[in-house]
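*Asks:*
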Amino acid sequence: MSLIYLQGYPENILEQVQTLIDHQRLGTFLQQRYPDTHNIVSDRALYDYTQALKNRYMRSAPPVSKVIWDNKIKVMKHALGLHTAISRVQGGNLKAKAEIRISTFFRLAPEAFLRMIVVHELAHLKEKEHDKAFYQLCCHMEPDYHQLEFDARLWMTDQAMRGNAA
Numbered sequence: 054m055s056l057i058y059l060q061g062y063p064e065n066i067l068e069q070v071q072t073l074i075d076h077q078r079l080g081t082f083l084q085q086r087y088p089d090t091h092n093i094v095s096d097r098a099l100y101d102y103t104q105a106l107k108n109r110y111m112r113s114a115p116p117v118s119k120v121i122w123d124n125k126i127k128v129m130k131h132a133l134g135l136h137t138a139i140s141r142v143q144g145g146n147l148k149a150k151a152e153i154r155i156s157t158f159f160r161l162a163p164e165a166f167l168r169m170i171v172v173h174e175l176a177h178l179k180e181k182e183h184d185k186a187f188y189q190l191c192c193h194m195e196p197d198y199h200q201l202e203f204d205a206r207l208w209m210t211d212q213a214m215r216g217n218a219a
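Numbering (our numbering), first residue to last: 54 to 219.
1. Should the stretch 54 to 61 be regarded as contacting the stretch 206 to 217, the criterion being three or more beta carbon pairs within less than 8 Å?
2. Leaving out five residues on either side along the sequence, give the residues of the same chain with a beta carbon under 6 Å from the beta carbon of Pro-115.
3. Excluding the 5 residues preceding and the 5 following Met-194 in the sequence, name in chain order all residues of the same chain whose CB lies nearer than 6 Å to its CB.
4. Are Leu-99 and Val-117 touching if we call contact CB-CB under 8 Å?
5. May I ask which residues mark the beginning and end of the alpha helix (DSSP H) holding Lys-179?
6. Quick check: what's the CA-CA separation for Asp-75 versus Ser-156?
7. Under a Cβ-count criterion, where at least 16 other Cβ atoms within 10 Å of its own Cβ denotes burial, should His-131 be classed as buried or exposed?
8. When the Cα atoms are used, what is the spatial distance from Leu-83 to Gln-77?
9. Do Asp-211 and Leu-79 count as a contact pair if the criterion is CB distance below 8 Å?
10. If you drop the 5 nearest sequence neighbours on each side, which residues of the same chain put their C-beta closer than 7 Å to that of Trp-122?
11. What are the start and end residues of the beta strand (DSSP E) that includes Asp-184?
12. Over what stretch of residues does the beta strand (DSSP E) that includes Lys-107 continue unbroken?
13. Cβ atoms of Thr-90 and Glu-164: under 8 Å apart, would you say?
14. Check each candidate in Gly-216, Tyr-87, Thr-103, Glu-182 and name the one with the smallest Cα separation from Val-94.
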């Protein structure tokens, strides 16, 4: 199986991952490292979870009007979640609303991976591009951001090998 979710990582890292796969230990490794799941299954619970993180780290950021699970997001095509800004004219005013959509694929993910995705999407409220400032903000909200992103990609690889569509 190709390591499609790990493209761009150094060859020595990919070799270590391939060894775990060859010995059928990737799932066990991830389960031991991330035993905690979450029970955030409704859109309301996801909104509340996101708002709690926003209120803790980004009080001055623009408000988020909607946070939902989205079964139309395909991880291979869109990434893990989407942040959209919707502008509407109301009377003579232009109203902007921020929305966050998270792939329903992550309803089954460990809580740490969901947190990483929500942090990523919240960071887009202030930083639109994936640049240094963006990743600094992600790491401010989640110090283990880069490790969690990598491990989430390992989890997606394991899920794909198990036949769970991502």
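All C-beta atoms in this analysis are idealised placements derived from N, C-alpha and C, irrespective of residue type, glycine included. Bear in mind the structure is a predicted one, so any value in this text is a computation, not a measurement.
*Replies:* For this structure:
1. Between the stretch 54 to 61 and the stretch 206 to 217 there are three or more inter-stretch CB-CB distances shorter than 8 Å, so the stretches are counted as touching.
2. Contacts found: Ala-151, Leu-178.
3. Contacts found: Tyr-110, Val-172.
4. Taking the C-beta atoms as reference points, Val-117 is found no nearer than 8 Å to Leu-99.
5. Note, Lys-179: premise wrong, no alpha helix (DSSP H); not H, not E.
6. Cα to Cα, the separation comes out at about 28 Å.
7. Interpretation of His-131 is limited by its pLDDT of 43, a score under 50 that renders its predicted location unreliable; the figure taken from the coordinates is listed afterwards. Burial call: exposed.
8. Spanning the two alpha carbons is a distance of roughly 12 Å.
9. Cβ atoms of Leu-79 and Asp-211: closer than 8 Å.
10. The answer, listed in chain order, is Asp-96, Leu-99, Ile-155, Thr-157, Arg-160.
11. Looking at the DSSP string, Asp-184 is not in any beta strand (DSSP E), and its letter there is neither H nor E.
12. Counted as a single uninterrupted DSSP element, the stretch harbouring Lys-107 is not any beta strand (DSSP E) but the alpha helix (DSSP H) occupying residues 96 to 110.
13. Taking 8 Å as the Cβ cut-off, Glu-164 and Thr-90 qualify as a contacting pair.
14. That would be Thr-103, whose Cα lies nearest to the Cα of Val-94.
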